[in-house]
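In what follows, a single structure is set out as structure tokens and then discussed.
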Amino acid sequence: MTMLTADYHVHSISPDAGVPMEEMCESAIQKGMDEIAFTDHYEFYAHGVVKEYFHEEYLKQYWRSLEMCREKFEGRLVIRRGLEIGQMHLCPENAFAVISKYSFDFIIGSLHKIENVDVSQMEYTERTMPHIAEAYYRHLIRLSEVGEFDCLGHLDLIKRHSVKNGLPDYYDKYEKEITRVLRNLVARGKGIEINTSGIRQGTGESMPALKTVRLFAQLGGTVVTVGSDAHRPEDVGADFHEAEKLLKEAGFKEVTRFERRRGLPVKI
Ligand SMILES: [Zn+2]
Ligand SMILES: [Zn+2]
């Protein structure tokens, strides 16, 4: 049994998930979790592009589902109200407006898109990789400088795609950029998440993996959450044993839970 009993990255009504929130909650309880944070997507785009999916009605519906589940599962499962915001560095004011309109418990800041193209849709070859990675880390550095999130989501997301396409994870090549991102987070009191979806989706390791998590600890980082990034009930809490092992190897003795954006350290 793992000491990690809070899954801080769970999707439900996001356009790429579409699973009733109750099913995710039931699965969490079955898997021995005592707390989950729903972190459905809210994406921002470059060049003033606005996508019709991410609007006020979506947020209202999301909030209603959250409140309904919080009531239904009271006493059995703590349900945190989170959001995974993509590219908030492109429109910090709009992102701030969304965040401040609702009393979220927890915000993940992620980078999914470069110039409005999802990183999962790009072509990964030895020729394209340096360009993708340069742009990815340039945006990630900016996000780590200005993003009003609590934890940075799946820090080295492009690794998932490079490794899937038979290329290396390029950690050594981009260690300088990764270090800069981590330093920004430490200076701003922000955290990282250990996103376990990488383990089940191709790279065999979490995002980020041990080297980065250890470096974060060495640089003075203290805020860490663990999330499955589940889009299906069966993936809630997936591979948390491995995440626990990794955190301990990296020197962490606590993870952080959040209530109304305030971090609550919990021993592991
Ligand atoms: Zn994400
Ligand atoms: Zn996610």
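Using my numbering, the first residue of the sequence shown is number -3, and each one after it goes up by one. Just so it is clear, CB atoms sit at the ideal spot from N, CA and C, and this is done for glycine as well. Since the structure is predicted, the reported quantities are computational estimates derived from the model, not experimental observations.
Proximity test, residue i beta-carbon vs ligand 1 heavy atom, cut-off 7 Å
i	result
E201	no
S116	no
S106	yes
H150	yes
Check: residue i C-beta below 7 Å from any heavy atom of ligand 2
i	result
E80	yes
H5	yes
C35	One detail in the question is off: residue 35 reads as Thr in this sequence, not Cys. The answer is yes for T35.
D146	no
D231	no
D225	yes
Residue i: first and last residue of the uninterrupted alpha helix (DSSP H) it sits in
i	result
G194	S193 to R196
L211	L206 to Q214
P88	P88 to K97
Reduced DSSP secondary structure (H/G/I, E/B, other) of residue i
i	result
D114	strand
F248	coil
K169	coil
K186	coil
E230	helix
T175	helix
L243	helix
I264	coil
E238	helix
E144	coil
R156	helix
K253	According to the sequence provided, residue 253 is Arg. The question's Lys does not apply to it. If DSSP states are grouped into helix, strand and coil, R253 belongs with the strands.
R134	helix
Residue i - containing beta strand (DSSP E), residue span
i	result
I103	F102 to S106
V220	V220 to G223
Residue from the options whose Cα sits closest to the Cα of residue i
i	options	result
K109	Y38, G78 and I32	Y38
I188	M(-1), S140, E22 and S10	S140
N112	A2, V46 and I190	V46
E171	C65, C147 and F212	F212
T(-2)	A234, V159, L260 and L73	A234
G185	I128, K155, H43 and T218	T218
V251	S23, C21 and E31	E31
M64	M84, R77 and P164	R77
V177	L215, Y4, Q197 and L163	L215
Y41	Q83, E173 and S23	Q83
E255	T175, E122, S61 and D146	D146
R179	G200, A91 and R210	R210
P88	L73, H127, L62 and G143	G143
R228	L0, A2, A91 and C21	C21
R123	L163, F102, D101 and H135	L163
What are the start and end residues of each continuous beta strand (DSSP E) run of 3 or more residues lying completely inside the segment 0 to 74, in chain order? 2 to 6 and 31 to 39
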